[in-house]
Amino acid sequence: MRYQHLTLLIEDLGYRDKFRLAQLLLQLGRKEEEESHPASRSDAPSARPTDPEMIKYVADRLVKLRPGRRASLVNAIAAMFQFQGSVSEADRNAIISELQRLKHICIDANDRVTYL
1 MRYQHLTLLI
11 EDLGYRDKFR
21 LAQLLLQLGR
31 KEEEESHPAS
41 RSDAPSARPT
51 DPEMIKYVAD
61 RLVKLRPGRR
71 ASLVNAIAAM
81 FQFQGSVSEA
91 DRNAIISELQ
101 RLKHICIDAN
111 DRVTYL
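So this is what it looks like as structure tokens:
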């Protein structure tokens, strides 16, 4: 398939499908770049989910987003890191636990999030 043919097909897509396609193309491009230039990749370990800087970053963003339920909170945290390679479920739970321990948030028995 040629580029011009693809652009004609893409024009028929809805706006959401165009955004999904754009995100997929970005991810594929990054993956291809990492595979073709492995020397330029950083082998340093990524930040742990409980690093104070990361917790501060997440807490500041959550104050603005203010998700009301635990499920929304998990999705918001996942969205913050979607372009940096994502965050595992265990890391998301560790971030939430650290936010609770540091009294940034409180989650009640009904999974409602309160910001302190």
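The sequence shown maps to residues 1 to 116 in UniProt numbering. Ideal Cβ placement from N, Cα and C applies to all residues, glycine included.
Practice prompt. Helix, strand or coil for R58, going by three-state DSSP, please let me know.
Written response: Here residue 58 is Val; the residue named in the question, Arg, does not match the sequence. The DSSP-derived three-state label of V58 is helix.
Worksheet item: Which residue from L26, L24, C106 and Y3 puts its Cα closest to that of R70?
Response: C106
Practice prompt. Report the partner residues of T114 according to the DSSP bridge assignment.
Written response: C106
Discussion item. What does the alpha-carbon distance come out to for the pair R92 and L28?
Written reply: 24 angstroms
Practice prompt. Hey, could you find the ends of the alpha helix (DSSP H) residue 141 is sitting in?
Written response: Absent from the model: residue 141. The displayed extent of the chain is 1 to 116, so no value can be given.
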